[in-house]
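Residue numbers (our numbering), protein chains in the order written: chain E, 386 to 591; chain D, 386 to 591.
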DNA sequence: TAGATTGTTAATCGATTAACAATC
DNA sequence: TAGATTGTTAATCGATTAACAATC
């Protein structure tokens, strides 16, 4: 019998559930229900229960879900119950902002190396790390068995960088470059382009 | 006969099409086809034709689409054939990076006012603008008929800021805060949370 | 003309939702 | 026990895809 694949769209919602559960936990709440969670997230309770049912049974009739238990379970499913080293490519304005962003480490994502190909940037120090020449990228990835990378280079350079990352063995890329990257289907890519998000809203305005 | 609504998911793809068309245009190409565009974006050609068919007929059998014509049409549909003033709330590390980001203006999005409630930040100058007290927000939005806002404050403050924005008459919010905002359904919201994007990929890694 | 590609229809596929027995 | 809420089934809904006549 073939493994039943969990749809991408379900995996995509789990981090949102996790984020909401963490918030509730920090507020001191111990239990929640699919109804409450759904109302907070603006989605249906049935969808939450269906999504979770792909992975097991995590709740109890009548009382709902123990928040910290469910957090632990979703963290395991998503494999974020561990530390993930990441490399950052590009140390311009955006890259520097990412390097200084405090929100990654507490979620287990550690920017362990930073690369740029501008001689003026190579050698600069950022909280304990030194910006390296992109030429070193493959070596660092291999030596440290790194699987994730963030691209923060200009659009014109992004595809070349993506090719280098794939060649180096990177398996997941978060790209801030405003282009659609072409990579083998063994490599996962997520894009962040604020202009695209703004353009998704203007249609609904007058 | 009731208007047939164009699905959100179709609107969501148009900015991606626009971005790819702009790239082709900048590369000097004059015509493209749904097949070529689909291959560049990793989606089916039928989907592109179907999406466009919601708005009219933009191509020609045998030759495909004139790139600049299609760009103009999609720009009009998305209402990005005009200038959009935006306000930015939050002038911490992330807010500062956004304020300096050069990618908005060329697409017609102008950060016309910046707000923060930290006295140390109020009064700081950023390319011709001065960071203002959040108390002025409603006044500025009303005076300039501003409809879009970017939230770049900590998670703990984001919902309060969102409430203020809604109260002030803002109709579209791009939030960088790592929480799901609760707003009336007359207000559009888009979220950017890099941690969520990273967590959507770790599931697929070993 | 022959080849290419559109716009559209109908079929397929997949995701969401409603409903409810089970049970805490 | 009575009330609440789960996990799951089946129905509905909506999106994607394949196919092709039309036509440039």
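Here a beta-carbon is modelled for each residue, glycine too, at the ideal position from N, C-alpha and C.
Item	Value
Chain-order list of residues whose beta-carbon lies under 7 Å from that of residue 398(E) (same chain, five-residue window excluded)	436
Neighbour list for residue 492(D) in chain E, Cβ cutoff strictly below 7 Å	580
Neighbour-count burial assignment, residue 438(E), 16 or more Cβ in a 10 Å radius	exposed
Assigned exposure category for residue 584(D) - 16 Cβ within 10 Å defines buried	buried
Counted within 10 angstroms of its Cβ, other Cβ atoms place residue 573(E) as buried (16 or more) or exposed	buried
Contact set for residue 462(E): own chain, Cβ-Cβ below 6 Å, skip 5 residues either direction	440
Proximal residues of chain E, C-beta to C-beta of residue 464(D) below 7 Å	587, 588, 590
Cβ pair count under 8 Å reaching 3, the stretch 497 to 504 of chain D against the stretch 466 to 477 of chain D	yes
Exposure label - residue 460(E); buried when at least 16 CB within 10 Å	buried
Contact between the stretch 441 to 457 of chain E and the stretch 555 to 569 of chain D (3+ Cβ pairs under 8 Å)	no
Residues bridged to residue 494(D) [DSSP beta-bridge criterion]	469(D)
Assigned secondary structure, residue 571(D) (DSSP; H/G/I helix, E/B strand, else coil)	coil
Contact under 8 Å by Cβ, residue 402(E) with residue 420(E)	no
Assigned secondary structure, residue 634(D) (DSSP; H/G/I helix, E/B strand, else coil)	Chain D is shown from 386 up to 591; residue 634(D) falls before or after that span and cannot be answered.
Listed by chain order, chain D residues near residue 552(E) by CB distance under 8 Å	Per Cβ cutoff of 8 Å: no residues; residue 552(E) is ~18 Å from chain D at best.
Exposure of residue 562(E), with buried meaning 16 or more beta-carbon neighbours within 10 Å	buried
Min CB distance residue 479(D) to chain E below 8 Å	yes
Other residues of its chain near residue 523(E): CB distance less than 6 Å, five sequence neighbours each side excluded	553
Beta-carbon proximity list for residue 576(D), same chain, < 6 Å, skipping 5 on both sides	560
Residues near residue 453(D) by beta carbon distance below 7 Å, same chain, minus five either side	410
Bridge partner(s) assigned by DSSP for residue 444(D)	450(D)
8 Å Cβ cutoff, residue 400(E) in contact with chain D	yes
Boundaries (first-last residue) of the beta strand (DSSP E) holding residue 536(E)	533 to 536
Reduced DSSP category for residue 435(D) - H, G, I as helix; E, B as strand; rest coil	helix
As assigned by DSSP and simplified to three states, the class of residue 565(E)	coil
Listed by chain order, chain E residues near residue 573(D) by CB distance under 7 Å	586, 589
Cβ shell of residue 415(E) (< 8 Å), same chain only, five flanking positions each side left out	451, 452, 453
Beta bridge counterpart(s) of residue 474(E) as assigned by DSSP	500(E), 536(E)
Same chain, Cβ closer than 7 Å to residue 532(E), five either side skipped, listed in chain order	555, 556, 557
Between the CA atoms of residue 502(D) and residue 591(D) - distance to the nearest angstrom	44 Å
Residue-level contact to chain D via CB, residue 485(E), 8 Å cutoff	yes
Assigned secondary structure, residue 530(D) (DSSP; H/G/I helix, E/B strand, else coil)	coil
Whether residue 546(D) touches residue 538(D) by CB criterion (8 Å)	yes
Contiguous alpha helix (DSSP H) assignments of at least 4 residues, all confined to the stretch 397 to 428 of chain D	419 to 426
Under 9 Å from the C-beta of residue 406(E): neighbouring residues of chain D	Correct list: empty, because the minimum Cβ distance to chain D is about 12 Å.
Unbroken alpha helix (DSSP H) run spanning residue 391(E), endpoints	Here residue 391(E) belongs to no alpha helix (DSSP H), and DSSP marks it neither H nor E.
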